[in-house]
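Colleague: Protein chains in written order, with this note's numbering: chain A, 239 to 765; chain B, 953 to 1250; chain C, 3 to 445.
Starting off with a structure, shown below.
Spelled out as structure tokens, the structure:
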């Protein structure tokens, strides 16, 4: 298991957010002004401006006490509607899950299964409850007109939205943290004696390649893999993968962990895996320190500890030498490692996340509860969407909408991207139907006539809509942090946690705005 | 003493539209009226006449199609006016999973009241509406009467200047009804303005200073209860018991003044008569509206 | 008047309606009990046409539930899973892929081709992706276990049994890594889980892989008697248990075992082949044949079935050719002789001596072995067609030549097997290449 880990850059992300948000706000504002101008004449734009001014005023004048009142009400409502009952379901599931998880598996796989199970169950039980609660709360309030008793008090409509979101988030936190603790205890008990719960803290480097003549390239050889994730270096040549790790702390030893892939062009030595060697390089000093070779454990883990003092045979000087890892090898806070395959004619494949320096492990609790927070963040995201959508549609529709966001965000973004980019053959919806009905293969050219042009231009509209949806719905798979923990890794701050927090906040803000305006601009009558 | 208007409604029209924006119902048609400070104002009319719509428009729950509303000197859409308003909805749409104390505490928070204030006020109101024995029970266990009481209590949580009561006595037994009316009178005595709507005439007659009769979204009558019930073309004399001779004498006197005795006996005219008459008239001649005269404008 | 029914009357009406609707449901759908011809119409139809879940094999309650829950969406669900399977395969997420495989099969527990394909995929495709032999073996086992599970759930179908046999026999016994695999089959490399023994799931008794395969082929044959298979010609299909015994004996020999065990293996193979497979009855259009029929038997078949003799002969001939019947009969017969085993042993030992560097002893053994080898071919000329036998002989000649080279002697003009060496010149380059890889190129 490797993690593709583009780090989260706050600055550009914020800029992007501001741009998108600003554009949307601008478009909505201009369209409103135009419509108001058309419908109400000259007084229209003034009214729109008034609304904006009023909105600003309402957002500045929010009262924490009122928001808290509504949150408290929301929490009481959820509790008295027995939302916490889901915890009982979780407890009973967890109680008996041990019976159904395979216990004759390899110890590390058992750990993986147990951790995945606990975290997946937590999210699968929490999310539906959160979804139902958040989408049902406001519409039910409107239907029963309880909301009349609230909005006739000096409550700003944004306070209602905020209070609801906050309240449901607290309920979600309650549920998730209770489950988290029980899940943790359960995992502890479930782990077999010969296994342990690990929480690695990896430091990844930058990867480049040297080709067989030793020239720098950014990609290695493609051995015909459909998945172009890994690049290969040829064994027995100067070809190698060059990892540059940031090194700013001095430690007594360094542990490299890697997962490389082997590709054989001939049978070679059956019964022995390909040989791999690390060479530590200091390009400034021209120092090359080869470490002892090892057999690659394909799809497994290669662990290599390097002490601070390294003794090696220097081929150039034809002598045994000892160097200091930090004084001699690390160059400008960077440790350069060349990975070579020693078997001629065989290939070794790697990608950037395939090799890392393992820092001292964190406690498993840390990683585990980070993943639990991931579930909570996803819940809060869904709550924001749910509450917001329930300000303008009824409960069932809101549930459907939020569920769709969840579904699409979790699993269909890639497919949508394929559709938009045209990688998925067959054209838009109408063209696909046309091809289906006429049994027309997707490789066949459509005739060049007006009908086809019309069809394709309508399809393009659909595609435009799809593009928008694809860009509006975030990649919710980031919130699923259980793979990190299940595979014995800490949940990284920058690539996972920060991203998810930013995503949650990034969507919360527009949600509040949309919720506020749709509550303000609608008559709160159940119709 | 000239009384300040707490509510000013000018040419208020409300048209309900369906999903496609087509006009469905004209719930209010060019309604204009004013409610003065310190009076109990009654909105009277049969079901569907636009009373509740008027009330919701006043509260900003509905948006007017045309016209202007001013409540406590502010437009109806301004939330800040709610600081001084108490509202008892037609049915008490309160949160059924809360008990009386929690309910009042919750609404108290919405007025940004401190914990101490909330507690005091809640105790005071629970006593005022007579729910001392049910303060810890969830509202879903309440009877209709109790629900009205707690509804009134929440409307008064902020000690409002203007109280809007939608059918305050509906669902109350005669005793409860009496209590409610006493409370309303007490509110007036405290200098608060009250607007109530009802189709129960006796209630209105008992407590209202002025009433407006609505029918099919139009204002049909407006004025003080006494004035409206007074027959302008008739004079009523109330005497001690008269002998038949005395009656004949009186008739003679009347004849001299070109008038005649129409009926003698006990006075029976009531709001009910007026109301029925108004409704009947409206049905016979729809479209005729009450137009405020110069003298009405104060 | 319907509108005027009271609530009670309405309830009675509903009740009657329910009862009326229940009758056909019960008549049609009542499940069968253990007794024959019990249950409703559908259950009985299922029984007559042998379609019931339980008659297909072991019923997995999860699987049945899944299919129920999915209502009519099973096809779509399977499609999605198969797409996921492909992605996981491309991304080399083997563990997840294994889990997806289970999900697919949960939805399609009685699709024979699905079992066959997915099992083959695990044992052949996935195993080849791994570099360490132990890992490859693990995936071959996964494939085999998966197929066993499939056989269990589809007891009527011979195909999955056969596929299991093939994985255990040929995948393990003939892969490039066969030497390792065959060892692993008896002593699993996963020492933690199977300390010093075989993986009890696939080889509980610690037997040879070919013998276990033979059992599975036999099960396939048993099932085949009830239910037609669609993989290959029947004569070939039914030869597999006996073939597996032949493979077993041959593998022992390849591993340098030339004692009683090997001879017993061969003689059992001969018995299996001639008396078992050879006496198996195959149905032709109007008559029945068996492969071990001699002239007298052919007459008898022709007489009893009243068909022409040449017709019978031709049918037998076709069947024999398909299964290479005569060759294997000869081979087994030859190999079960003490003498033949002696030849093999002598040539094998010559190579061992050569490896030890004892060129003299090696040469001596070769001289004697090659002579006996020639004799063997004279006795069983058919063996002269057998790849393995020929390779053994040619290899020995190469070794013989190599010794002369190493001793810097000129090799004699005449040598045993010269005739064959010249006849089979076409085979030599390939074998020579292997030989050179092992012992270094000839100077």
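For every residue, glycine included, the Cβ atom is placed at its ideal position computed from N, Cα and C.
In this text the structure is predicted, and so the values were computed from the model without any measurement.
(1) For residue 527 of chain A, list the residues DSSP reports as bridge partners.
(2) Just how far apart, CA to CA, sit residue 107 of chain C and residue 306 of chain A?
(3) Tell me where the beta strand (DSSP E) around residue 187 of chain C begins and ends.
(4) Can you list, in chain order, the residues of its chain whose CB lies under 8 Å from that of residue 295 of chain A, leaving out five sequence neighbours each side?
(5) Mind listing the chain D neighbours of residue 1035 of chain B? Cutoff is C-beta to C-beta under 8 Å, in chain order.
(6) Taking residue 969 of chain B as part of the alpha helix (DSSP H), name the residues at either end of that continuous run.
(7) In whole angstroms, give me the CA-to-CA distance for residue 74 of chain C and residue 109 of chain C.
(8) Can a CB atom of chain A be found closer than 8 Å to the CB of residue 1077 of chain B?
(9) Using the Cβ count rule (16 or more neighbours within 10 Å means buried), how would you classify residue 1173 of chain B?
(10) Are the CB atoms of residue 743 of chain A and residue 735 of chain A within a distance shorter than 8 Å?
(11) What residues from chain B crowd round residue 314 of chain A, counting only those whose CB sits closer than 9 Å?
(12) Once the 5 residues before and after residue 765 of chain A are set aside, which same chain residues still bring their CB inside 8 Å of it?
(13) Tell me the rounded alpha-carbon separation between residue 3 of chain C and residue 11 of chain C.
(14) Please report the distance separating the alpha-carbon of residue 90 of chain C from that of residue 103 of chain C.
(15) Out of curiosity, what's the CA-to-CA distance linking residue 433 of chain C and residue 397 of chain C?
(16) Assign residue 13 of chain C to buried or exposed, taking buried as 16 or more other Cβ atoms, counted over all protein chains shown, within 10 Å of its Cβ.
(17) Could you check if residue 311 of chain C is buried or exposed, using at least 16 other CB atoms within 10 Å of its CB as the buried criterion?
(18) What distance in whole Å lies between the Cβ atoms of residue 711 of chain A and residue 646 of chain A, which are believed to be in contact at a cut-off of 8 Å?
(19) Is the beta carbon of residue 189 of chain C closer than 8 Å to that of residue 143 of chain C?
(20) Out of C:162, C:133, C:135 and C:94, which one is the CA nearest neighbour of residue 117 of chain C?
(21) Which class does residue 485 of chain A belong to by DSSP, given the choice of helix, strand or coil?
(22) Between residue 669 of chain A and the rest of its own chain, which residues show a CB-CB distance below 8 Å, the 5 nearest in sequence each way excluded?
(23) Hey, would you say residue 421 of chain A sits closer than 8 Å to residue 332 of chain A, going by beta carbons?
(24) Is the separation between the beta-carbon of residue 483 of chain A and that of residue 443 of chain A shorter than 8 Å?
(25) If you check the beta carbons only, do residue 518 of chain A and residue 533 of chain A fall under 8 Å apart?
(26) Residues of chain B with a CB under 8 Å from the CB of residue 298 of chain A: which are they?
(27) Where DSSP assigns a beta bridge to residue 1118 of chain B, which residues make up the other side?
(28) Any C-beta of chain A within less than 9 Å: which residues of the segment 112-129 of chain C qualify?
(29) What residue does the alpha helix (DSSP H) around residue 377 of chain A start on, and which one ends it?
(30) By DSSP, does residue 469 of chain A sit in helix, in strand, or in coil?
(31) For residue 1170 of chain B, write down the residues that DSSP places opposite it in a beta bridge.
(32) Do you know how far the Cα of residue 405 of chain A is from the Cα of residue 311 of chain A?
(33) Are the C-beta of residue 378 of chain A and some C-beta of chain B separated by less than 8 Å?
(34) Can you list, in chain order, the residues of its chain whose CB lies under 8 Å from that of residue 372 of chain C, leaving out five sequence neighbours each side?
(35) Where DSSP assigns a beta bridge to residue 545 of chain A, which residues make up the other side?
(36) Hey, residue 588 of chain A and residue 469 of chain A are a contact pair by Cβ (cut 8 Å); roughly how many whole angstroms apart?
Modeller: Reading from the atomic positions:
(1) A:518
(2) 52 Å
(3) Not the beta strand (DSSP E): residue 187 of chain C falls in the alpha helix (DSSP H), residues 180-188.
(4) none
(5) Absent from the structure is chain D; the protein chains it does hold are A, B and C.
(6) Element bounds for residue 969 of chain B: not the alpha helix (DSSP H) but the beta strand (DSSP E), 957-969.
(7) 12 Å
(8) no
(9) Taking all protein chains in view, the Cβ of residue 1173 of chain B is crowded by 16 or more other Cβ atoms within 10 Å, so the residue is classified as buried.
(10) no
(11) 1047, 1049, 1050, 1054 and 1058
(12) Below a pLDDT of 50, predicted positions are generally treated as unreliable, and residue 765 of chain A, at 48, falls in that range; no measurement from the model is reported.
(13) Confidence at residue 3 of chain C is low in this model, with a pLDDT of 45, below 50, so the placement of that residue is unreliable and no value is reported for it.
(14) 11 Å
(15) 7 Å
(16) With fewer than 16 other Cβ atoms inside 10 Å of its own Cβ, residue 13 of chain C counts as exposed.
(17) exposed
(18) Contact between residue 646 of chain A and residue 711 of chain A holds, with the beta-carbon distance rounding to 5 Å and staying under 8 Å.
(19) no
(20) C:162
(21) In the structure shown, residue 485 of chain A sits in coil (DSSP, three-state: anything other than H, G, I, E or B).
(22) 684, 693, 694 and 697
(23) yes
(24) yes
(25) Inclusion of residue 518 of chain A and residue 533 of chain A in the CB contact set at 8 Å is not warranted, their separation being larger than that value.
(26) Within chain B, no residue comes near residue 298 of chain A; the closest Cβ sits about 13 Å away, beyond 8 Å.
(27) Per the DSSP secondary-structure output, residue 1118 of chain B pairs in a beta bridge with B:1149.
(28) Residues of the segment 112-129 of chain C that bring their beta carbon within less than 9 Å of a beta carbon in chain A are absent altogether.
(29) 345-381
(30) strand
(31) B:1167
(32) 8 Å
(33) no
(34) 349, 395, 398, 399, 402, 417, 418 and 419
(35) A:491
(36) 7 Å
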